[in-house]
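Engineer:
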Amino acid sequence: MNVPDAVTQPSSFRLTFLGANTTVTGSRYLVEAGKSRVLVDCGLFQGYKPLRLRNWAPFPVDPSSIDAVVLTHAHLDHSGYLPRLIRSGFGGSAWCTPATRDLCEILLPDSGHLLQEEAGYANRKGTSKHHPAEALYTEDDARRSLRQLRATPFTQPFEPVPGLVTTLQPQGHILGAAAVTMNYQGHRITFSGDVGRSGDPVMRAPAPLVESDWVVIESTYGNRRHPPLSLDLELGNSLSRVIARGGVAVIPAFAVGRAQLLLSVIANLQTRGVLPGVPVYLNSPMASDVTTLYGRYRDEHRMSEAALQALKHTTRIINSVEESKALNRRKGPMIIVAASGMATGGRVLHHLIAFASDPRNMILLSGFQAGGTRGAALARGDTTVRIYGEDVPVRAEVVQLGAASAHADADELIAWLRTAPRPPSGVFITHGEPDAADALRLRIQRELQWRVQVPEYLQQVDLNLPA
């Protein structure tokens, strides 16, 4: 596949922004070191249709010209484009931490399966403008891509290409999440990935920012502070309300990290008698598989063995499609946790079709809802959401949990930057909606007095400038 390059010939050390500009998805950064090209993150665009269409467009540079990929973590907006990149000609290694590799072995095939399932559903129902509708990539594509994953431990230097010394620092957020630092001929750049929270009830705090000339930082919550209310109290109050009226609580949740956090808190609330022992269902075999990894990577999180066992004891796993359909015929009170977290796909869509129209029920949004997603529509109070080409009425109570985020808020992002041993030459703000990115830019200027900018899509930066 020959794709005309959107960038000119490589220089000594250069960065090009190929994604996550004025959006929280599609993280992709091209680093050129000498004659080598390395892609940091390889994420899917999600949300608004013009962004999603970028997943289908030819990649801005020829994938076969990329020598390596380095992943910050396994969430699909950082890793989910990898099977498509490989199918388009990328033949190098994709470097990541061991936990990220294990999570990708679960997430990427599931993503391919869901993409095929959605295309098949659209063809059966005739809801696509494309005839036939096709999947961006298949489950088989995803499984083949796993062969190119190469795990490396935290803090251990490696060279994805000769001369580009790279290290991965623990970043909290989810299992395996890392900040990526690259050093080329004495010039050093750090990519934050998604920054975790210092007081996260499950994940450990992020490591300090290493000395860097340049920093690329996310800004998902760059214009917000998380509420001081504890997740126990916030979730307990909401669930008590819906249980008291005999309703069903549908919780769209990311299968990696968010589902485990919520189920752990619910199990604790039921064990303490704060919540009655109503049925709790995890309708995501993938999330169930992810939960087992918490036993393998105990040093990366705060959950005790007792907490893991309580989670397993109180949660009923839904595996088959038949079980999932049967769940939609059940009456409340009950709690259903299902992917995806922004209601962009997966089994949670069928639960929304089944339960969103009943005012006794509740939809709990447990994380950031990117613009253009169904989750964002629910969060702003839309009275209908479009699912599989049909408008589904929303009469259920919609609650957005403020304390469930696995992302650092604005104060925590500034605090992480303050851990730098010295001020960098410049900071680039990505992975945020325009308001959030610009708010963080202003705070960095005013509070840290550092050079900072919000880069545009395809913008290039010479990293050889003196530190």
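Under my numbering, residues 2 to 468 are what the sequence shown spells out, in order. Don't be surprised by glycine CBs; every beta carbon is placed ideally from N, CA and C.
Check for me: the beta strand (DSSP E) holding M335 runs from which residue to which?
Structural biologist: First-last of the beta strand (DSSP E) with M335: 335-339.
Engineer: Just to check my reading of the structure: L236 and V266 have Cβ atoms closer than 8 angstroms, yes? What is that Cβ distance to the nearest angstrom?
Structural biologist: 6 angstroms between Cβ atoms; contact.
Engineer: Give me whichever residues DSSP pairs with A95 in a beta bridge.
Structural biologist: Bridge partners of A95: V70, L150.
Engineer: Within 10 angstroms of its Cβ, does R476 collect 16 or more other Cβ (buried), or is it exposed?
Structural biologist: The displayed coordinates of the chain run from 2 to 468. Any statement about residue 476 would go beyond what the structure contains.
Engineer: Quick check on this structure: which residue in T182, P110, F159, I175 has the alpha carbon closest to the alpha carbon of R148?
Structural biologist: It is P110.
Engineer: Find out if the Cβ-Cβ distance for the pair T221, H432 is shorter than 9 angstroms.
Structural biologist: Result yes, Cβ atoms of T221 and H432 sit closer than 9 angstroms.
Engineer: Which one or two residues does DSSP pair with S427 in a beta bridge?
Structural biologist: Checking the sequence, you will find Gly at residue 427 rather than Ser. Looking at the DSSP assignment, G427 forms a beta bridge with W215.
Engineer: Within the continuous beta strand (DSSP E) that includes I267, where are the two ends?
Structural biologist: Taken as a continuous stretch (DSSP letters only), I267 belongs to no beta strand (DSSP E), being part of the alpha helix (DSSP H) at 259-272.
Engineer: So, under 8 angstroms CB-CB, V338 and S239 are touching, yes? Tell me the CB distance rounded to an integer number of Å.
Structural biologist: The pair is not a contact, with the Cβ atoms about 13 angstroms apart (cut-off 8 angstroms).
Engineer: Compute the distance between the beta-carbons of F155 and A179, then report whether it is under 9 angstroms.
Structural biologist: For F155 and A179, yes; Cβs fall inside 9 angstroms.
Engineer: To which residues of the same chain is R53 closer than 7 angstroms at the C-beta, ignoring the five residues directly before and after it?
Structural biologist: Result list for R53: F46, Q47, in chain order.
Engineer: On the three-state DSSP scale, how would you describe D392?
Structural biologist: Reduced to three states, the DSSP call for D392 is strand.
Engineer: Taking its Cβ as the centre, do 16 or more other Cβ atoms sit within 10 Å of G368, making it buried, or is it exposed?
Structural biologist: Result: buried.
Engineer: Looking only at its own chain, which residues have a Cβ that is under 6 angstroms from the Cβ of D290, when we skip the five neighbours before and after it?
Structural biologist: So the list reads I107, once near-sequence residues are dropped.
Engineer: Okay, do the segment 420-429 and the segment 204-215 touch, 3+ Cβ pairs below 8 angstroms being the bar?
Structural biologist: Touching, yes, given that three or more Cβ pairs across the two stretches are closer than 8 angstroms.
Engineer: If you follow the alpha helix (DSSP H) that E235 is part of, which residue opens it and which one closes it?
Structural biologist: Element bounds for E235: 232-245.
Engineer: Take every Cβ of the segment 27-38, pair it with every Cβ of the segment 164-179, and state whether three or more of those distances are shorter than 8 angstroms.
Structural biologist: Enough Cβ pairs lie closer than 8 angstroms, so yes.
Engineer: Considering Cα atoms alone, identify which of I190, T191, F192, P209 is closest to S199.
Structural biologist: That would be P209, whose Cα lies nearest to the Cα of S199.
Engineer: Would you check if the segment 297-315 and the segment 344-359 touch, i.e. whether three or more CB-CB distances between them fall below 8 angstroms?
Structural biologist: Result no; under three Cβ-Cβ pairs closer than 8 angstroms.
Engineer: Keeping to the same chain, check which residues put their C-beta closer than 6 angstroms to that of M2; ignore five residues upstream and five downstream.
Structural biologist: Model confidence at M2 stands at a pLDDT of 36, short of 50, so the residue's coordinates are unreliable; what they give is reported in the following sentence. Contacts found: S89, G90.
Engineer: Using three-state DSSP, classify N184 as helix, strand or coil.
Structural biologist: Three-state result, N184: strand.
Engineer: Taking its Cβ as the centre, do 16 or more other Cβ atoms sit within 10 Å of G187, making it buried, or is it exposed?
Structural biologist: Looking at its Cβ environment, which holds fewer than 16 other Cβ atoms inside 10 Å, G187 is exposed.
Engineer: Tell me whether the beta-carbon of D336 lies closer than 9 angstroms to the beta-carbon of I415.
Structural biologist: Asp is not the amino acid found at residue 336; the sequence shown has Ile there. No. Outside cutoff.
Engineer: Tell whether a beta-carbon distance below 9 angstroms holds between T182 and T98.
Structural biologist: Not closer than 9 angstroms, so no.
Engineer: Would you kindly work out how many angstroms separate the C-alpha atoms of P84 and S37, rounded to a whole number?
Structural biologist: Roughly 21 angstroms between the two C-alpha positions.
Engineer: State buried or exposed for H314, treating a residue as buried only when at least 16 other CB atoms are found within 10 Å of its CB.
Structural biologist: Looking at its Cβ environment, which holds fewer than 16 other Cβ atoms inside 10 Å, H314 is exposed.
Engineer: Just to confirm my understanding: we take A134, look at its own chain, exclude 5 residues before and 5 after, and list those with CB closer than 6 angstroms. What are they?
Structural biologist: Contacts found: A120, A123, N124.
Engineer: Look up T23 in the DSSP assignment and say whether it is helix, strand or coil.
Structural biologist: Looking at T23 - three-state DSSP - the assignment turns out to be coil, as it is neither helix nor strand.
Engineer: DSSP three-state call for M287: helix, strand or coil?
Structural biologist: It is helical.
Engineer: Along the alpha helix (DSSP H) that carries Q450, what are the first and last residues, could you check?
Structural biologist: Element bounds for Q450: n/a, residue is neither H nor E.
Engineer: Spatial neighbours of R442 within its chain, please: CB distance less than 6 angstroms, with the 5 preceding and 5 following residues excluded, ordered by chain position.
Structural biologist: Counting only Cβ-Cβ distances below 6 angstroms, and skipping sequence neighbours, we find I430, V453, V455.
Engineer: Tell me which same chain residues have a C-beta within less than 7 angstroms of the C-beta of N320, skipping the five on either side of it?
Structural biologist: Only P286 meet the Cβ criterion.
Engineer: Could you give the distance in angstroms between the alpha-carbon of L72 and the alpha-carbon of A409?
Structural biologist: Distance between the alpha carbons of L72 and A409 is about 19 angstroms.
Engineer: Determine, using beta-carbon pairs with one atom in the segment 16-24 and one in the segment 459-467, whether at least three such pairs fall under 8 angstroms.
Structural biologist: They touch, by the three-pair rule.
Engineer: Do D68 and P161 come within 9 angstroms of each other at the CB atom, strictly closer than that value?
Structural biologist: Cβ atoms of P161 and D68: closer than 9 angstroms.
Engineer: Measuring alpha carbon to alpha carbon, tell me which of Y389, W57, G93, V322 ends up nearest A344.
Structural biologist: Nearest option by C-alpha distance: Y389.
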